[in-house]
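Participant: Can you read through this structure? Questions will come right after.
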Amino acid sequence: MKIKRIIVPLIFIVIGAGLGVGGTIAKDKIFPGSSSGTAQVEKVTEEVGPLIEMKDEFMINLDGGGMVKTNIVLEGVNKKSQEKITAKEIFLRDRIISVIGSKGIDDIRTNEGREKLKEELLTELNNVCGDQIKEVLFKNFIYD
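Just so you know, we're using the working numbering here: the sequence shown kicks off at 51 and counts up by one.
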């Protein structure tokens with residue numbers, strides 16, 4: 051009698067576990083791309099290049115009126131790029147002033163506009179220093 055009390059629940063537990071495992075295996079075979087509740091995240095680690103802070107802040111008049119005050123940091127593609135970027139700093143500053151100065155207040159007012167400005171600066175600055183810059187970063191960005 052005591053054995054029946056132990057065996058019957060044990061049988062139900064074993065059957066339940068078997069159905070759970072079998073169901074999971076069947077689901078994975080039927081729906082191969084789905085995950086079973088756990089997120090499968092692929093971790094991508096990207097090495098940060100050297101950060102080169104432009105020495106002085108920029109105060110630039112905008113096309114059509116207004117002004118931008120910003121500090122810019124450049125991320126180099128590798129350790130050797132820091133030397134090349136630093137050696138061309140005056141030319142980079144000139145190009146930054148030209149690009150930002152050609153913008154109107156409406157061009158830089160939104161996050162989307164500032165991201166577009168970063169992309170344009172990246173292209174122009176890489177033309178000056180031979181593709182040594184990975185990213186243009188605004189340390190601060192104030193417009194009026």
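Glycine residues also receive a C-beta, built at the ideal position from the N, C-alpha and C atoms.
Which parts of the stretch 123-185 are runs of the alpha helix (DSSP H), unbroken and 4 residues or longer, counting only runs that do not cross its ends?
Facilitator: If we require 4 residues or more, the alpha helix (DSSP H) runs fully inside the stretch 123-185 come out as 131-137, 139-151, 155-158, 161-179.
Participant: Could you check how far apart the C-beta atoms of I155 and I110 are, in whole angstroms? I think they sit under 8 Å.
Facilitator: The pair is not a contact, with the Cβ atoms about 12 Å apart (cut-off 8 Å).
Participant: Within the continuous beta strand (DSSP E) that includes M109, where are the two ends?
Facilitator: Looking at the DSSP string, the run of the beta strand (DSSP E) that includes M109 is 108-111.
Participant: Can you round the beta-carbon distance between T136 and I183 to whole angstroms, since I take them to be within the 8 Å contact cut?
Facilitator: The Cβ separation is near 12 Å, so there is no contact.
Participant: Given a cut-off of 8 Å on the beta-carbon distance, is the pair E165 and E125 in contact?
Facilitator: Cβ atoms of E165 and E125: not closer than 8 Å.
Participant: May I have the straight-line CA-CA distance separating R55 from I80, to the nearest angstrom?
Facilitator: Distance between the alpha carbons of R55 and I80: 38 Å.
Participant: Just curious, the beta strand (DSSP E) that E103 is in, first and last residue?
Facilitator: First-last of the beta strand (DSSP E) with E103: 101-103.
Participant: As a quick exercise: from M104, E139, R145, pick the residue whose alpha carbon is nearest that of T173.
Facilitator: T173 has its Cα closest to that of R145, out of M104, E139, R145.
Participant: List the whole-angstrom C-beta distance separating L112 from K153, where the pair is believed to meet the contact cut-off of C-beta under 8 Å.
Facilitator: With a Cβ gap of about 6 Å, L112 and K153 count as contacting.
Participant: So, is I150 buried or exposed, given that buried needs 16 or more other C-beta atoms within 10 angstroms?
Facilitator: Counting Cβ neighbours within 10 Å, I150 comes out buried, since at least 16 surround it.
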